[in-house]
Amino acid sequence: MTTSLQDGQNAAGRAAARDSPLAAQVCGAAQGKGDAHDLAPAPWLHARALLHPPDATRRCVADRRKKKDLDVLEMPSIPNPFPELCCSPFTSVLSSGLLSKGNSRKKQVIKVYSEDETSRALEVPSDITARDVCQLLILKNHYIDDHSWTLFEHLPHIGLERTLEDHELVIEVLSNWGMEEENKLYFRKNYAKYEFFKNPMYFFPEHMVSFATENNGEISPTQILQMFLSSSTYPEIHGFLHAKEQGKKSWKKIYFLLRRSGLYFSTKGTSKEPRHLQFFSEFGTSDIYVSLAGKKKHGAPTNYGFCFKPNKAGGPRDLKMLCAEEEQSRTCWVTAIRLLKYGMQLYQNYMHPYQGRSGCSSQSISPMRSISENSLVAMDFSGQKSRVIENPTEALSVAVEEGLAWRKKGCLRLGSHGSPTASSQTSATNMAIHRSQPWFHHKISRDEAQRLIIQQGLVDGVFLVRDSQSNPKTFVLSMSHGQKIKHFQIIPVEDDGEMFHTLDDGHTRFTDLIQLVEFYQLNKGVLPCKLKHYCSRIAL
Numbered sequence: 001m002t003t004s005l006q007d008g009q010n011a012a013g014r015a016a017a018r019d020s021p022l023a024a025q026v027c028g029a030a031q032g033k034g035d036a037h038d039l040a041p042a043p044w045l046h047a048r049a050l051l052h053p054p055d056a057t058r059r060c061v062a063d064r065r066k067k068k069d070l071d072v073l074e075m076p077s078i079p080n081p082f083p084e085l086c087c088s089p090f091t092s093v094l095s096s097g098l099l100s101k102g103n104s105r106k107k108q109v110i111k112v113y114s115e116d117e118t119s120r121a122l123e124v125p126s127d128i129t130a131r132d133v134c135q136l137l138i139l140k141n142h143y144i145d146d147h148s149w150t151l152f153e154h155l156p157h158i159g160l161e162r163t164l165e166d167h168e169l170v171i172e173v174l175s176n177w178g179m180e181e182e183n184k185l186y187f188r189k190n191y192a193k194y195e196f197f198k199n200p201m202y203f204f205p206e207h208m209v210s211f212a213t214e215n216n217g218e219i220s221p222t223q224i225l226q227m228f229l230s231s232s233t234y235p236e237i238h239g240f241l242h243a244k245e246q247g248k249k250s251w252k253k254i255y256f257l258l259r260r261s262g263l264y265f266s267t268k269g270t271s272k273e274p275r276h277l278q279f280f281s282e283f284g285t286s287d288i289y290v291s292l293a294g295k296k297k298h299g300a301p302t303n304y305g306f307c308f309k310p311n312k313a314g315g316p317r318d319l320k321m322l323c324a325e326e327e328q329s330r331t332c333w334v335t336a337i338r339l340l341k342y343g344m345q346l347y348q349n350y351m352h353p354y355q356g357r358s359g360c361s362s363q364s365i366s367p368m369r370s371i372s373e374n375s376l377v378a379m380d381f382s383g384q385k386s387r388v389i390e391n392p393t394e395a396l397s398v399a400v401e402e403g404l405a406w407r408k409k410g411c412l413r414l415g416s417h418g419s420p421t422a423s424s425q426t427s428a429t430n431m432a433i434h435r436s437q438p439w440f441h442h443k444i445s446r447d448e449a450q451r452l453i454i455q456q457g458l459v460d461g462v463f464l465v466r467d468s469q470s471n472p473k474t475f476v477l478s479m480s481h482g483q484k485i486k487h488f489q490i491i492p493v494e495d496d497g498e499m500f501h502t503l504d505d506g507h508t509r510f511t512d513l514i515q516l517v518e519f520y521q522l523n524k525g526v527l528p529c530k531l532k533h534y535c536s537r538i539a540l
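With the first letter of the sequence shown counted as 1, position 186 gets the number 186 in the UniProt record's numbering; the numbers rise by one all the way through.
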């Protein structure tokens, strides 16, 4: 088992060492570590009892055996050309072992929900992981696999939710639910699931990180992340948190300290002396959850709450509730706890989609599309006979030309005899053309937009477009940057009888919202960063 773990780490390191120094350092530190475990004897090795025939038939059996021995002696001795195939003492044992293992994989039915509360029932084996469930739903619904699809455990009765790690056994998680609880599994995107491996500088603020030993010089966020994955050194996360007192409704602001052995709080100000530190919670028997409505459900001072919940069935009394002052602080605490709890397993989950692809890194791999989409080819229908465009440069130029021609259709005047002009048709077309886009969410509120972006990860460039509630017939671009959500008004402007959309008071104008989104996906412009990931709502 140790050998396979090291092989997986080596493969992950080779796949990303070219572009990520963290990958080379982490995987190099992981080699050579681990304890060797002896395999337990197989439970299906039993001594076979001898069967004795009754006395009445023992003589007949002896005569048959003697006759069989004589026949064998009379046959010529022919050497066995394949002794390793039929003389191995382990052949029958392995076959029976595999057979028993195959028969023991019982199947169960689980139900998975999407954001619009549509659900899908799946019959899955008892040892299926969260990653396997996501892959199954991606294949069944023909979604693009961009490695951000995630399974969430949702506990509505106490207002908590957590990300199921890719290696977790789903049936084991469901077995810890109470019979009267209406818990759910949600399937949606989470762009922030492994973002701390790509951009650790956004997750570990300097004022919250310290080190148990003295270090010379500054330590980069990448080195901090490596320390979390190492078994010899570790950084300390510290800061003030609001803690809910056991059995009470009141909250108390206390100084907390996160170490590899668990979470502690100081009984004397910000002192870190051992005599002033008191144990609060450990990670082995608990899971870390995020509070969805801390103020409403638990009377928390802010909505940036998280808690430790035992991974066995239990009620609200077993929860250890905490609350941070801001989203960045909560993200730092939750990320550090995940790293200390799962360690190298979390890094292997992150590298799993890229293993076995030599010469590719996590930064250079594009999302996998469905088979039908990959089988499309560029065609030229301009001549008498159609032909396949094999030159990639020609295919790209044709696509751009067709796209521009398609956008200009609404701008052309249709002629005389009272036919409609460009302005009337263009406005009608452009007002409806964006409704089919997955990033457009029509009449959702500001709070709903913020909730949707938070659900799918506060990563720079996550965005959606919605109708403005304060200004009719206008739109709003909502996006995340620096773990904060910002809203930009899309203003309509009229020029020479035509309507345009703009974000910068008319300096850059677009005939429709699709042009606007595509432009800011390639250019930063007046935005704090480029548009990278759109929030979408799916139906299962």
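Cβ coordinates follow ideal geometry from the N, Cα and C atoms, glycine included.
Bounding residues of the beta strand (DSSP E) (the contiguous stretch that carries residue i)
| i | result |
| --- | --- |
| alanine 293 | No beta strand (DSSP E) contains alanine 293, which DSSP labels as neither H nor E. |
| phenylalanine 211 | 209-211 |
| serine 480 | 475-481 |
| phenylalanine 196 | Looking at the DSSP string, phenylalanine 196 is not in any beta strand (DSSP E); the run it does join, the alpha helix (DSSP H), is 195-198. |
| glutamine 108 | 107-113 |
| methionine 499 | 498-502 |
| arginine 259 | 251-259 |
Identity of the residue in the options nearest residue i by Cα
| i | options | result |
| --- | --- | --- |
| phenylalanine 211 | Tyr350, Tyr202, Gln223, Ser480 | Gln223 |
| arginine 537 | Ser148, Asp116, Lys111, Ala293 | Asp116 |
| asparagine 199 | Arg275, Cys307, Gln355, Asp460 | Asp460 |
| glutamine 450 | Ile128, Pro353, His481, Ser436 | His481 |
| aspartate 145 | Gln135, Phe152, His154 | Gln135 |
| valine 209 | Gly457, Ala336, Leu452, Gly525 | Ala336 |
| glutamine 521 | Leu527, Ile514, Gln515, Leu531 | Leu531 |
| lysine 309 | Glu153, Glu326, Lys253, Lys252 | Glu153 |
| leucine 241 | Phe196, Lys297, Gln226, Asn303 | Asn303 |
Beta carbon of residue i nearer than 9 Å to that of residue j
| i | j | result |
| --- | --- | --- |
| phenylalanine 187 | threonine 150 | yes |
| valine 133 | leucine 174 | no |
| phenylalanine 256 | glycine 239 | yes |
| isoleucine 454 | threonine 474 | no |
| aspartate 166 | alanine 192 | no |
| isoleucine 128 | isoleucine 171 | yes |
| arginine 330 | glycine 305 | yes |
| glutamine 483 | tyrosine 202 | yes |
| phenylalanine 204 | cysteine 332 | yes |
| asparagine 190 | leucine 540 | no |
| glycine 294 | serine 281 | no |
First through last residue of the alpha helix (DSSP H) which encompasses residue i
| i | result |
| --- | --- |
| glutamine 455 | 446-455 |
| isoleucine 224 | 221-229 |
| tyrosine 342 | 327-342 |
| alanine 539 | Where alanine 539 is concerned, there is no enclosing alpha helix (DSSP H), given that its DSSP letter is neither H nor E. |
| tyrosine 520 | 513-522 |
Close beta carbons around residue i, own chain, < 8 Å, minus the five adjacent residues each side
| i | result |
| --- | --- |
| arginine 509 | Val493, Asp495, Phe500, His501, Thr502 |
| asparagine 471 | Gln489 |
| arginine 260 | Tyr234, Leu340 |
| cysteine 307 | Leu160, Ile288, Tyr289, Ser291, Leu319, Lys320, Met321, Leu322 |
| lysine 268 | His276 |
| lysine 297 | Ile158, Gly159, Ser291 |
Sequence-distant residues of its chain with Cβ nearer than 7 Å to residue i (five each side left out)
| i | result |
| --- | --- |
| tyrosine 534 | Pro438, Trp439, Phe463, Leu464 |
| arginine 338 | Ile288, Leu346 |
| histidine 157 | Glu181, Glu182 |
| isoleucine 514 | Ile433, His434, Gln437 |
DSSP-derived helix/strand/coil call for residue i
| i | result |
| --- | --- |
| glycine 102 | With a pLDDT of only 47 at glycine 102, under 50, the local geometry of the prediction cannot be trusted, and no value is derived from it. |
| leucine 531 | coil |
| histidine 276 | helix |
| alanine 243 | strand |
| aspartate 467 | strand |
| histidine 298 | helix |
| valine 72 | Because the pLDDT at valine 72 is just 40, under 50, the model does not fix this residue reliably, and the value given afterwards should be weighed accordingly. Helix. |
| serine 126 | coil |
| tyrosine 350 | helix |
| residue 543 | The structure shown has nothing for residue 543, since the chain only spans 1 to 540. |
| valine 526 | coil |
| serine 88 | Residue confidence for serine 88 is low, a pLDDT of 40 falling below 50, so the modelled location carries little weight; the figure read from the coordinates is stated next. In this structure, serine 88 counts as coil in the three-state DSSP scheme. |
| histidine 434 | helix |
| methionine 179 | coil |
| serine 364 | With a pLDDT of 39 at serine 364, under the threshold of 50, the modelled position of that residue is not reliable, and the figure given next carries that caveat. Here serine 364 sits in coil by DSSP. |
| arginine 131 | helix |
| aspartate 166 | coil |
| lysine 268 | coil |
| glutamine 355 | coil |
Contact set for residue i: own chain, Cβ-Cβ below 6 Å, skip 5 residues either direction
| i | result |
| --- | --- |
| alanine 121 | Val109, Lys111 |
| lysine 107 | Glu123, Pro125 |
9 Å Cβ cutoff, residue i in contact with chain D
| i | result |
| --- | --- |
| glycine 305 | The chain labelled as chain D is not found in the depicted structure, where only one protein chain is given. |
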